[in-house]
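These notes are about the structure you will find just below.
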Amino acid sequence: MTISRRQFLGIGTFSILSSMAASGWMSAGTQASVGLKQPLRDASIPLGNAQWRRQAIARLWHEHKKAGSTPLIVHQFPFNSRSKLLLKNEAMSVTGSLKHRVAWALVMWGLIGSGIRRDLHLFERTSGNTGIAEAYFAQRLGLSYTAVASAGISPLKLKEIRRYGGRVLLIPQGVSPLAYYRQVLADDPLSYDINQFANAEKAISYFQGPEAETENLANELVLQLQELGISRPEWFVMAAGSGGTATSIGRYMRKWNPGWSPGSKTQLLVPDPEHSVLFDWYRTGNAELRSSKPSLIEGVGSRGPIIFGSTFSLQRGVVDRMLKVPDALTVAGMHLANDLVGFRVGPSTGLNLVGALHLACEAHQYGRSTNIATVICDSGELYSDNYYNPDWLAFYDLDWQPLLPLLRTAWEQGSWPSQL
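Counting in this note's numbering, the sequence shown runs from 266 upward without gaps.
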């Protein structure tokens, strides 16, 4: 049997050897001596864990479908009948906040990547809504869960984490939160670090696309707007906690150009609290910045430094603009939001609304109509001991009451107050 060089290059070695053996050209002894230097090897995950993982993934998809879409609240700006404020009400999620979506994506990410096993203990560094939502999903899957939180965690949020079967470890005063967390993980040989700071923006972006089946917050908003016949928002306003949701929204708006005219663009504005370093990091690129004061706006912003995968995950490249917002103005924004939606909202929603109203007034100043989307991140039910507590506000000198009439005037007239 003669094989030309052209034939040899055109077919695989395995096919050649098979043909040679089948034709009888190779003797039995020759066949035995031809082969790989290392034998073909096989391995698989033990059946019990693989079966559990399939069941866990199915349970998470069931939870996803059961949750359904959160409502979209549409308000017309009083100063321009063609401009709309689009409020995605994440307070209506199963665990009461935007972080329900984030936690679902993070746990699913761990399951499909085979990191989460049924014998592991899930951990997260969180002092808020992420911990509540992750505890919920861990409970649904029969997994142990521990939130490692700052000593300043709200007692009401602490109670909610425990209500879903979670455990809470408080970081001692004067200890590096990151160093303490790493030690906690090292002390438990069965620990699994969910790590919202490394995985949130990847996990959320993974479960998004133009189809309803893979919808996340940005997908869902687009579908709801199309059903209502509302044109695309010129801006999406999203404050950054871990930065995962804001990053996923920015990526989505760039990647999918969701159903509107070619070249159209929805820009992303990220409002930042007074004592957060994100605004200056965005402006300068300096990731070593540190704030001398803790932020008074819970769940958003960063004291620094910016360490991707450890303290933050917001990608600068997807952010079109940032806005630094005084904390007292954020609290006033909460009360304006309460007027608009008819229930109490949390501080990140107040921050979002201030950013959205600022953009609307800016557009009105130049004679433009605009649709602006933002998020009601959570309700105010878990903030009665701080942002809705006059004594707490007075202690931190958050004099918001003189600012609320100014915001209401801006809402009615479309002119941003010079005092702000």
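The beta-carbon is built from N, C-alpha and C at its ideal position, and this holds for glycine as well. Computed from a prediction, not measured in an experiment: that's the story for all the values here.
- Beta bridge pairing from DSSP links H386 with S409, S456.
- Cβ contact annotation for K422 (same chain, cutoff 8 Å, sequence separation greater than five): S392, G393, N394, G396, I397, L647, in chain order.
- Nearest in C-alpha terms to S419, of all of Q532, S513, L387, E563, is E563.
- Between L455 and L533, the C-beta spacing is not below 8 Å.
- It is roughly 9 Å from the alpha-carbon of F462 to the alpha-carbon of L579.
- When V583, S358, F344, T576 are compared, the shortest CA-CA separation from T635 is found for F344.
- By the Cβ-count criterion, L350 is buried, with 16 or more other Cβ atoms from all chains shown falling within 10 Å of its own Cβ.
- Out of Y652, A638, P670, the CA that lies nearest to the CA of A483 is found in A638.
- Under the DSSP assignment, W500 falls in the beta strand (DSSP E) whose first and last residues are 500-502.
- Assigned with DSSP and collapsed to three states, I562 falls in coil, not helix or strand.
- The Cβ atoms of G569 and L554 lie closer than 8 Å to each other.
- Here the C-alpha atom of P437 lies approximately 47 Å from the C-alpha atom of A628.
- Looking at the DSSP output, P442 shares a beta bridge with no other residue.
- Annotation: the continuous alpha helix (DSSP H) that includes I469 extends over 461-471.
- The beta carbon of R432 is closer than 6 Å to those of T411 in its chain, skipping five residues each way along the sequence.
- Separation of the CB atoms of A451 and W374 is rounded to 23 Å, and the pair is thereby denied contact status at 8 Å.
- Here the stretch 585-605 makes no contact with the stretch 483-494; the two share fewer than three CB pairs at distances below 8 Å.
- Boundaries of the beta strand (DSSP E) around L352: 349-354.
- Burial is judged here by how many other beta carbons sit within 10 angstroms of a residue's own beta carbon; H623 has at least 16 and is buried.
- Excluding five sequence positions before and after H365, the CB atoms of its chain that fall closer than 6 Å to its own CB belong to S358, V359, A398, given in chain order.
- Between the alpha carbons of A368 and F402 lies a distance of about 8 Å.
- By the neighbour-count criterion, in which a residue is buried when 16 or more other Cβ atoms sit within 10 angstroms of its Cβ, F660 is exposed.
- T614: member of the alpha helix (DSSP H) spanning 612-630, first to last residue.
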